[in-house]
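Chains A and B are the protein sequences, given in the same order. Sequential numbering of the first sequence, starting at 17, is according to the numbering used here. Sequential numbering of the second sequence, starting at 17, is according to the numbering used here. Glycine included, each C-beta is placed from N, C-alpha and C at the ideal position. Predicted model only: the values in this text are computed from it and were never measured.
Number of protein chains: 2
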Amino acid sequence: MPFVKRILLGKPLASNQADHQRLSKTIALPVFASDAISSTTYAMQEILMVTAYGASSLVLAVSYLNPIAFGVAFLLAVVTISYRQTLFAYPTGGGSYVVSRENLGEKPSLVAGASLLVDYILTVAVSVCAGVRAITSIPAFRSWQQHTVLICVIAILMVMLLNLRGTKESGRIFAIPTYVYIVVLSILIIYGFSKSYFGWFGGLEVHDLQDFPNNLPDYLQHSVNESSEEGMTLLAQGGAFSLFLLLKGFSSGAVALSGIEAISNGISAFKEPVSKNAAKTMTYMAMIMGAFFFGISYLATHIHPVPLEVGESVFAQIGIQVFGRHNPMFILLQIATALILFMAANTAYADFPRLSSLIARDGYLPRQLGNRGDRLVYSNGIIILSLVAILLVVIFRGLETKLVPLYAVGVFTSFTLSQLGMVKHHLRIKERHWQTGMAINIVGASVTFFVLLMVAASKFASGAWVSILIVISIYIMFRMIHKHYSRVQEAIAVPKDYRPKRMNHTVMVLVGRMHSGTLHALEYARSLAPNHLVAITVVSDEDEKNKALEQWDNFNFGIPLEIIYSPYRELMRPVIQAVEDLDARYDNDIVTVVIPEFVVHRWWEHFLHNQSALFLKGRLLFRKNTVVTSIPYHVD
Amino acid sequence: MPFVKRILLGKPLASNQADHQRLSKTIALPVFASDAISSTTYAMQEILMVTAYGASSLVLAVSYLNPIAFGVAFLLAVVTISYRQTLFAYPTGGGSYVVSRENLGEKPSLVAGASLLVDYILTVAVSVCAGVRAITSIPAFRSWQQHTVLICVIAILMVMLLNLRGTKESGRIFAIPTYVYIVVLSILIIYGFSKSYFGWFGGLEVHDLQDFPNNLPDYLQHSVNESSEEGMTLLAQGGAFSLFLLLKGFSSGAVALSGIEAISNGISAFKEPVSKNAAKTMTYMAMIMGAFFFGISYLATHIHPVPLEVGESVFAQIGIQVFGRHNPMFILLQIATALILFMAANTAYADFPRLSSLIARDGYLPRQLGNRGDRLVYSNGIIILSLVAILLVVIFRGLETKLVPLYAVGVFTSFTLSQLGMVKHHLRIKERHWQTGMAINIVGASVTFFVLLMVAASKFASGAWVSILIVISIYIMFRMIHKHYSRVQEAIAVPKDYRPKRMNHTVMVLVGRMHSGTLHALEYARSLAPNHLVAITVVSDEDEKNKALEQWDNFNFGIPLEIIYSPYRELMRPVIQAVEDLDARYDNDIVTVVIPEFVVHRWWEHFLHNQSALFLKGRLLFRKNTVVTSIPYHVD
């Protein structure tokens with residue numbers, strides 16, 4: 017096992033190697049920006065799904081894309097500028113949890129922490145599902161579609177393994193594909209734009225909806241049956257274009273911003289000068305995201321892709337339209353898309369364990385999550401993240417369109433709390449130019465809070481209620497765990513006047529049949545040299561009693577044997593009664609019950625032994641000043 | 017919990033109350049005969065299913081019923097007469113396992129034991145499924161049919177609870193319904209016969225197959241499409257009547273005999289004179305069974321019920337035809353059928369734990385199965401039987417027609433071995449009239465062996481292979497467990513020259529942060545007064561080391577503190593290394609590792625503590641001469 021562990025996870029790292037794990041900008045960009053950049057792919061689909069459903073027309077729906085794209089780009093700019101403030105104020109790590117903890121207090125920080133944890137889990141689930149869908153959109157892999165859930169689970173387990181190996185290496189592994197994605201997507205947009213706008217390369221033909229007669233969603237059947245022209249007429253009339261639908265579509269598009277806070281949370285992984293490097297990376301990231309979002313939005317407006325739950329995604333349909341279904345560039349696009357989405361999942365693997373260890377060290381999560389494992393990463397957090405993400409994938413059958421609506425509430429809750437925290441930070445610290453900073457963060461907080469309300473309202477029924485419920489549950493769990501730890505802390509505090517004292521100690525050996533294991537336990541008990549030492553045995557009648565006494569006298573232990581009657585053949589209650597009696601009989605600080613136990617070496621053999629001992633231990637665990645000691649006797 | 021247990025299970029019984037649990041004939045008949053009597057209901061359906069499938073004609077199939085009924089009645093007579101010998105030879109319990117163990121040796125007895133255990137489990141599963149089907153055949157409960165599996169599981173759990181209360185009470189509870197069943201079934205047969213033979217009460221109309229156009233099995237569609245007359249012609253031609261099909265049908269009918277051995281196995285529950293009472297009960301039982309089998313067979317021949325997997329059973333169809341679907345007598349028949357089937361399951365609950373405790377005491381099953389629980393019944397066996405039966409019901413989706421083919425092989429294996437054992441018994445004991453007895457048992461053994469071969473051959477593909485495989489697996493398990501216990505027995509035998517010796521004892525306390533729990537553990541360790549006592553603590557750098565030493569010096573325990581470095585923040589390996597070092601350092605018989613442990617009082621709080629201690633214990637369990645003692649510190 018240790019050998020296998022080494023092969024899979026690499027050599028262990030010592031504490032002082034921690035610094036070497038820091039990332040340069042060129043590696044930090046793919047590590048931290050992939051989530052944000054990749055989310056544009058499914059955000060576009062989400063917008064189309066919502067608007068097409070609302071308008072009952074695809075032609076009408078695409079007309080919302082450009083206004084929404086402007087809205088999202090504006091939001092992106094506001095959030096980026098606002099978050100740059102955080103990067104400079106918190107160069108050692110300024111996730112929403114830390115910022116709100118320091119500035120807003122316990123409760124808001126726990127809300128932020130819970131929201132972020134939920135978002136990281138959703139990032140893994142959504143990204144992996146979308147990534148696998150990108151692969152199965154390639155004609156050669158079409159048949160894998162029916163095994164989507166299985167492939168998603170395997171993908172999550174693989175990303176988990178990579179992360180158990182450590183941050184930097186997984187960063188390097190993913191760096192190249194991200195850059196490939198950026199290049200390929202740029203080609204897609206420029207090539208598509210040239211075709212569509214200039215009519216170069218043979219021009220761009222509008223996708224014929226009749227290609228999807230079978231799996232076209234119900235709400236779109238209408239627009240297929242009627243001619244495209246009629247749809248256009250409807251749009252021209254302008255009556256169907258509603259502000260409500262625009263806002264709803266915008267709320268859906270807001271998920272594109274998920275992952276933008278990754279840099280502020282993981283800032284400690286940057287090389288010096290930390291804040292400057294991080295801010296630069298964030299700005300690059302926002303610019304790339306904005307460009308891509310506009311580009312895809314432009315193409316979608318001209319291509320009219322059909323938002324579907326299974327089969328080719330909106331993004332894949334755009335790729336097919338621009339490059340052609342069997343063109344190598346389309347295949348490359350899909351592979352690069354899949355890889356950047358897996359990397360987005362990987363971002364969450366950097367953040368979730370980091371955040372949960374912070375929360376654990378503050379005492380709101382089990383201490384184990386705060387322990388560093390072999391490779392300086394938080395193995396427990398990585399494993400929990402994977403398991404919960406797998407659970408989500410299985411529940412939602414690998415459909416990312418079902419998972420996305422759960423998303424945005426958490427994202428914007430943590431944005432708002434983070435910006436609000438920054439406002440208080442400026443007020444508190446009053447650093448140079450603090451008024452400007454505060455103004456920026458006030459705008460950031462207001463805008464993100466407004467989006468939060470919009471998202472919560474418009475997405476409530478379609479999934480936001482689930483995430484709100486989960487966030488509340490996690491919040492309550494945080495508080496319960498903290499309360500527990502505080503209580504324990506109090507209970508185990510050493511009294512000021514503490515002096516070590518000598519314990520009066522009574523030992524009781526539980527004797528059944530006399531065999532080597534029993535004799536071993538008796539020898540052990542004698543070596544403890546307690547104040548009082550007795551052996552007890554349980555019999556159901558006089559016959560058994562006489563046999564037991566006779567056997568006992570054969571050995572000369574010098575330990576008194578006490579006989580306990582149990583006419584009901586029960587073991588538990590009489591033994592516990594005997595402990596009570598013994599404890600009452602002597603002036604006693606502690607009673608140790610010694611039980612002989614067999615150790616066997618094949619797993620199934622354990623079921624053949626020690627069952628009574630196990631029950632007894634469980635029962636006596638809750639008796640005060642009672643220790644149960646099993647004396648193992650190795651049979652092999 | 018103990019309160020709930022008392023409510024559900026009743027007062028505990030002392031050993032000397034065991035005798036009072038013995039049953040009078042009038043209660044023993046329902047307890048032990050219900051399995052045999054009730055099995056006629058599904059045996060008839062099984063015969064029809066097999067012959068109708070083989071002949072592709074229902075009209076043809078029913079013509080096999082009477083010859084097969086004669087065959088089964090003959091078999092019943094042979095087995096009953098043969099088993100009466102056993103009852104007199106083994107008045108303290110002469111199940112197939114005991115008889116073959118005493119006369120044929122270990123291996124045949126284990127085969128018999130395995131076969132019987134499998135049969136008991138199948139009895140529970142088949143009877144409960146058939147019972148629930150009887151209920152859902154009542155028009156008012158038709159809609160429950162879709163929840164068959166759930167209802168079966170609940171029924172099994174209820175029978176389990178009744179049995180955990182004790183034998184006699186469950187006997188009494190079931191006595192009345194069995195007699196009701198006998199009366200109602202007699203009325204069914206006499207009334208139906210009067211209608212059909214004498215034409216009284218308006219005569220008996222032959223069931224119209226067109227009532228089942230939708231769920232009629234494929235292999236019968238043929239006979240529905242063609243007219244009844246044509247079927248009759250086919251029969252008249254005689255060409256389709258095959259000996260092979262007759263034997264196959266007979267093999268299916270042989271399951272009717274399952275349960276007949278129950279009396280010999282549970283004979284010790286009879287009142288004195290044991291053998292005579294048991295033999296009389298067995299004879300009554302066989303006569304009732306035979307009469308019912310003939311009666312139902314006669315009715316089926318005239319009614320042509322359709323054997324179906326779901327919906328109304330053959331038995332229910334006969335009831336509908338004779339009484340009418342909405343007649344109270346039909347409803348009473350179905351309820352009585354269901355109840356006697358549940359009682360059949362109950363028979364297995366008397367036998368399975370009894371047999372498995374016998375096998376456990378011989379050392380072929382885990383010892384726990386040999387322990388008597390509170391109410392003088394074998395709780396562990398009851399619970400295992402229930403769980404496995406539930407598993408079967410779930411796997412076979414509550415369809416008794418799928419379970420029945422697994423059945424007969426085990427039944428006739430144990431019959432054959434039991435009779436063969438009796439032959440040797442007569443040869444060995446040579447009691448008065450032993451030659452007659454032996455002749456009877458030779459006939460019994462030959463006939464049952466012949467049926468066994470026939471059943472194994474004709475039912476192999478349709479399920480017998482599963483039960484053969486399971487019997488072989490259980491046989492292998494018996495042998496492995498026995499081998500293990502023998503090995504342990506040898507390993508723990510006390511050497512002849514054994515003298516108690518004094519152990520050299522080293523104690524090592526694992527110290528983390530200094531809190532009340534740690535101090536408590538240190539005090540405890542001191543009270544053990546070992547030859548050597550050290551405390552160890554694990555640190556990852558100099559800083560931590562200095563802190564630990566400073567803290568340690570604040571308390572004056574007079575115990576040396578050893579510092580262990582673990583740069584990788586691992587706990588397990590350094591601690592185990594420390595144990596090795598310590599063990600090597602001193603002339604040592606045993607090392608005790610003392611670990612402070614928190615005891616918290618809510619279940620979820622346990623996950624917040626003691627995880628490392630748990631791992632360490634698991635790891636050190638396999639180190640020889642090492643004891644790990646947790647010193648519980650109660651937080652509340």
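CA-to-CA distance, residue j to residue i, given in whole angstroms
i, j, result
"ALA537(B)", "LYS561(B)", "21 Å"
"ILE456(A)", "ALA509(A)", "46 Å"
"TYR394(B)", "ALA361(A)", "54 Å"
"VAL651(A)", "ASN626(A)", "13 Å"
"ALA191(A)", "PHE368(A)", "20 Å"
"GLY379(B)", "ILE492(B)", "13 Å"
"HIS449(B)", "PRO107(B)", "18 Å"
"LEU371(B)", "THR452(B)", "29 Å"
"VAL504(B)", "ALA146(B)", "44 Å"
"GLN253(A)", "SER73(A)", "Per-residue confidence for GLN253(A) stands at a pLDDT of 42, beneath the threshold of 50, marking its modelled position as unreliable; no derived number is given."
"VAL608(B)", "LEU544(A)", "The sequence shown places Thr at residue 608(B), rather than the Val named in the question. About 10 Å."
"PHE571(B)", "ARG515(A)", "7 Å"
"SER159(B)", "VAL148(B)", "12 Å"
"THR42(A)", "LEU133(A)", "27 Å"
"HIS36(A)", "GLY282(A)", "Bear in mind that a pLDDT of 48 at HIS36(A), under 50, signals an unreliable position, so the model cannot answer this."
"TYR195(B)", "LYS475(B)", "33 Å"
"ARG341(B)", "ILE205(B)", "16 Å"
"GLN435(A)", "ASP135(A)", "18 Å"
6 Å Cβ shell around residue i - same chain, five flanking residues per side excluded
i, result
"MET345(B)", "PHE339"
"MET65(B)", "PRO323"
"HIS521(A)", "PRO546, ASN547, ILE606"
"GLY265(A)", "ILE63, VAL66, THR67, TYR80, ILE84"
"ALA128(A)", "SER112, TYR113, SER116, SER430, LEU433"
Cβ shell of residue i (< 7 Å), same chain only, five flanking positions each side left out
i, result
"MET588(A)", "PHE631, LEU632, ARG635"
"ALA629(B)", "ILE611, GLU613, SER646"
"MET470(A)", "LEU263, SER267"
"ARG117(B)", "SER125"
"GLY386(B)", "SER373, ALA376, ARG377"
"GLU416(B)", "TYR58, VAL142, CYS145, ALA146, ARG149"
Cβ-Cβ separation, residue j to residue i (assumed contact under 8 Å), whole Å
i, j, result
"VAL175(B)", "TYR365(B)", "6 Å"
"ILE552(A)", "ALA564(A)", "Not really, about 10 Å apart at Cβ, beyond 8 Å."
"THR57(B)", "THR353(B)", "6 Å"
"THR534(B)", "PRO612(B)", "5 Å"
"ILE703(A)", "GLN333(A)", "With chain A covering 17 to 652 only, the question about residue 703(A) has no answer from this structure."
"ARG542(B)", "ARG100(A)", "That pair is no contact at about 60 Å."
"GLY306(A)", "ALA89(A)", "5 Å"
Neighbourhood of residue i by C-beta distance below 8 Å, restricted to the same chain and skipping five residues each side
i, result
"VAL410(A)", "VAL165, VAL169"
"MET271(B)", "Inspection of the sequence shows that residue 271(B) is occupied by Val rather than by Met. Hits under 8 Å: SER55, TYR58, ALA59, GLU62, VAL420, TYR423, ALA424, VAL427."
Cross-strand partners of residue i (DSSP beta bridge)
i, result
"PRO612(B)", "ILE647(B)"
"LEU39(B)", "PHE286(B)"
"ILE580(B)", "VAL554(B)"
"VAL607(A)", "THR522(A), THR642(A)"
> Going along the chain, which unbroken runs of the beta strand (DSSP E) with 3 or more residues stay wholly within the stretch 518-553 of chain A?
Replying inline: 521-526
> Can you give, in chain order, each stretch of the alpha helix (DSSP H) that sits fully within the stretch 261-314 of chain B and has at least 4 residues?
Replying inline: 278-281
>> Extract the residue ranges of the alpha helix (DSSP H) inside the stretch 102-171 of chain B, only unbroken runs of 4 or more that lie entirely within it.
In response: 112-120, 122-152
> Going along the chain, which unbroken runs of the alpha helix (DSSP H) with 4 or more residues stay wholly within the stretch 313-358 of chain B?
Replying inline: 330-339
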